[in-house]
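Undergrad: Going down the list, the sequences are from chains A and B. Letter by letter, the first sequence follows residues 1 to 112 in the numbering used here. Letter by letter, the second sequence follows residues 1001 to 1114 in the numbering used here. Positions of the beta carbon are idealized from the N, C-alpha and C atoms, including for glycine. Remember, predicted model here, so these are calculated numbers, not experimental data. Before anything else, here's the structure in question.
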Amino acid sequence: SQKIEQNSEALNIQEGKTATLTCNYTNYSPAYLQWYRQDPGRGPVFLLLIRENEKEKRKERLKVTFDTTLKQSLFHITASQPADSATYLCALGAGSARQLTFGSGTQLTVLP
Amino acid sequence: GAGVSQTPSNKVTEKGKYVELRCDPISGHTALYWYRQSLGQGPEFLIYFQGTGAADDSGLPNDRFFAVRPEGSVSTLKIQRTERGDSAVYLCASGGQGAVGELFFGEGSRLTVL
Chain A
1 SQKIEQNSEA LNIQEGKTAT LTCNYTNYSP AYLQWYRQDP GRGPVFLLLI
51 RENEKEKRKE RLKVTFDTTL KQSLFHITAS QPADSATYLC ALGAGSARQL
101 TFGSGTQLTV LP
Chain B
1001 GAGVSQTPSN KVTEKGKYVE LRCDPISGHT ALYWYRQSLG QGPEFLIYFQ
1051 GTGAADDSGL PNDRFFAVRP EGSVSTLKIQ RTERGDSAVY LCASGGQGAV
1101 GELFFGEGSR LTVL
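Following this line, the structure appears as C-alpha cells:
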C-alpha cells in the first residue's frame, strides 16, 4: 500500500541554522509533490510545489528537492527563525487525480 | 470572502446524531475538497468536487458520509448516525482550474462525538 514517511515527529534546531525535513514514499509514483505549513488549530498553508521532472525549487529561504529515484523529497529552511516553528506536511499528487496524499507531518521548533 | 470559510468551527454532538458541516470556498474556485485530520496525522482525502459534481468520492469511509455542492459553490458534508470514531477536524480546501496547483484550506470544523 502507499506509504509516506516524514522524518521524526519533532525536530528542534537553533535559530539561524538550516532545518532539513525529509519526506520518503513507497508504492507511489507522484507527478508532483507539495509542502504545506500548519500552525496549531489552523488549516494547512501552501508553501511550494515541485513536479516530477524538476530537481529543485526555491522560494525565499525555502528550498525543496525531489528525487524520484530515491523516492524522497527534502525541504530546507535556511537562516531559520522562531517564527518558522510549525508542523510541515508533505503531500503527493498523481497525474490527473487532484487529491493529495499527505504525510503525518514533522513538528519543527526553532529555538531562540 | 478572501479565504475558505468553514462553519461551525466547533461541533459537539452525541453518538448517533446527524451532523452537517459547511464550506464556502474562494469565489471562482471550481475545485473543492474535503479532508479529515485526526490528531497527530496529516489530512486524509474524503471527496473532491469539480463544479457541482463529485469527481472522486473514493475517500468517504462509508455510506454514513455524504457531501453535496448543488450550485458549484458552497458545499455541505453530511454525517449520519455519528460514531465516536468520526471525531476529527474536517478540512475544506478549494483550488482553481487545472490538474495541478496549490490548495487553499479553511480553518476546519472540529467535530467531537461523545
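Ignoring anything shorter than 3 residues, give me the beta strand (DSSP E) runs that lie fully in the region 35-104 of chain A, in order along the chain.
TA: DSSP runs (the beta strand (DSSP E)) wholly in the region 35-104 of chain A: 45-51, 56-59, 62-67, 72-77, 86-94 and 97-102.
Undergrad: From residue 1018 of chain B to residue 1011 of chain B, what does the alpha carbon distance come to, in whole angstroms?
TA: Sequence index remark: in the second sequence, residue 1018 of chain B carries index 18 (1-based). Sequence index remark: in the second sequence, residue 1011 of chain B carries index 11 (1-based). Near 11 Å, if we compare the C-alpha coordinates of residue 1011 of chain B and residue 1018 of chain B.
Undergrad: Using the beta-carbon count (16 or more within 10 Å), is residue 39 of chain A buried or exposed?
TA: Taking the first sequence and counting its residues from 1, the one referred to as residue 39 of chain A is at position 39. Residue 39 of chain A comes out exposed.
Undergrad: Roughly how many angstroms lie between the CA atoms of residue 107 of chain A and residue 44 of chain A, to the nearest whole one?
TA: In the first sequence, residue 107 of chain A corresponds to position 107, counting from 1. In the first sequence, residue 44 of chain A corresponds to position 44, counting from 1. Between residue 107 of chain A and residue 44 of chain A, the C-alpha separation is close to 13 Å.
Undergrad: Against chain A, does residue 1111 of chain B count as a neighbour if the rule is that its beta carbon must be under 7 Å from one of theirs?
TA: Within the second sequence, numbered from 1, the residue matching residue 1111 of chain B stands at position 111. No - not a single Cβ of chain A is within 7 Å of the one on residue 1111 of chain B.
Undergrad: Rank B:1086, B:1097, B:1022 and B:1102 by C-alpha distance to the C-alpha of residue 1111 of chain B and give the top, closest one.
TA: Within the second sequence, the letter at position 111 stands for residue 1111 of chain B. Closest option to residue 1111 of chain B, Cα to Cα, is B:1086.
Undergrad: Relative to the ligand ATP, is the shortest distance from any of its heavy atoms to the C-beta of residue 53 of chain A smaller than 6 Å?
TA: Looking for the ligand ATP in the displayed structure turns up nothing, as the structure carries no ligands at all.
Undergrad: In chain A, which residues lie less than 8 Å from residue 1114 of chain B when you measure between Cβ atoms?
TA: Here residue 1114 of chain B refers to the residue found at position 114 when the second sequence is read from its first residue. Simply none; closest approach about 21 Å.
Undergrad: Going by DSSP, name the residue or residues bridged to residue 106 of chain A.
TA: Counted from its first residue, the first sequence places residue 106 of chain A at position 106. The partner list for residue 106 of chain A (beta bridge, DSSP) reads A:88.
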